[in-house]
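Chemist: Once you know that position 153 of the sequence shown is 159 in the working numbering, the rest is easy, because the numbers rise by one and skip nothing.
Don't be surprised by glycine CBs; every beta carbon is placed ideally from N, CA and C.
Mind having a look at this structure? Questions to follow.
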Amino acid sequence: MIFEASYWPDQPEQPETSQLLFKRKVIMKQKTARILAYAVVALGAGQAATAADQSQMMSNCNSYAAHHLHISTSDIASLSYQGQRVDGTHAVNGSTTSGQTFQCSFNRGGTHVVNWYHSGGISSGGAVDESQMLSSCNTYAAHHLHVSPSEIASLSYEGQRVDGTHAVNGSAASGQTFQCSFDRTGTRVVHWYHSAPTDCPADVSEADRYRYPDCN
């Protein structure tokens, strides 16, 4: 009886399979190389945009500081981008030729100033007089807290807000704290806050409110 062979050891498909695997490896390497190249290009573009944003923020802060300090932009001595905070805002620090320091805080997009601070120093260009505000707040606080000016323990100028008003914080010998908010020119108090006296009763009845006006 004759049997026909159903299996041949030398199959022609084997060499073709090896070639296909080799081609696939080559294609995968080419794709990987292209992806890495695109990533490098994208990363470079992102860094360039960030650098441009920083430059724009410093330029805006230069103009903003000059305007609020009542000086020329040429009087801005230095500017430096400090980075992005946890809340998303950006900080740009700077100083003037007269020695004042300042900081512009920009929104998350870096498009506009959302907070502004500058240190002490009186400019001949019409800047506000911090010493005058401290003196005025001392008198104002003593009058409204019904104490002697000598009982005002501390006063400190905290800077100018975005809306242009100025803040002076202080405390009395009794432990009360307060804040005088001055107008943009620093000539008058536009808002006043103080904490409750330390000797306020735990519960002030309606009948006794006139005896403890500051505890209401």
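What residue does the alpha helix (DSSP H) around S141 start on, and which one ends it?
Modeler: Segment 136-151, the alpha helix (DSSP H) holding S141.
Chemist: Quick one: grab the DSSP three-state call for T171.
Modeler: The answer is coil: DSSP assigns T171 none of H, G, I, E or B.
Chemist: Over the uninterrupted beta strand (DSSP E) stretch that includes I77, give me the two end residues.
Modeler: Taken as a continuous stretch (DSSP letters only), I77 belongs to no beta strand (DSSP E), as it is neither H nor E.
Chemist: Thinking C-alpha only, which one of L75, H124, S69, Y87 is nearest A173?
Modeler: The residue with the shortest Cα to Cα distance from A173 is H124.
Chemist: For Q62, is the classification buried or exposed, using 16 other Cβ atoms within 10 angstroms of its Cβ as the cut-off for buried?
Modeler: Exposed, by the Cβ-count rule.
Chemist: Can you tell which of A179, Q166, S180 has the C-alpha that lies nearest to the C-alpha of S187?
Modeler: Looking at the Cα atoms, Q166 is the closest of the given residues.
Chemist: Give me, in chain order, the residues of the same chain whose beta-carbon lies closer than 7 Å to that of V153; leave out the 5 immediate sequence neighbours on both sides.
Modeler: Hits under 7 Å: A178.
Chemist: Per DSSP, which residues does V119 bridge with? Please list them.
Modeler: F112.
Chemist: Buried or exposed for V147, please, with buried defined as at least 16 other CB atoms from any protein chain shown within 10 angstroms of its CB.
Modeler: Reading the sequence as shown, one finds Ala at residue 147 and not Val. Buried, by the Cβ-count rule.
Chemist: Determine contact between the region 73-82 and the region 94-106, defined as no fewer than three beta-carbon pairs at a distance below 8 Å.
Modeler: Contact holds: three or more Cβ-Cβ distances are below 8 Å.
Chemist: Thinking C-alpha only, which one of H73, Q88, G170, M34 is nearest A228?
Modeler: Residue 228 lies beyond the stretch modelled for the chain, which goes from 7 to 222, so this question has no answer here.
Chemist: Rounding to the nearest angstrom, what Cα-Cα distance links T191 and M139 in this structure?
Modeler: So the two alpha carbons sit approximately 10 Å from each other.
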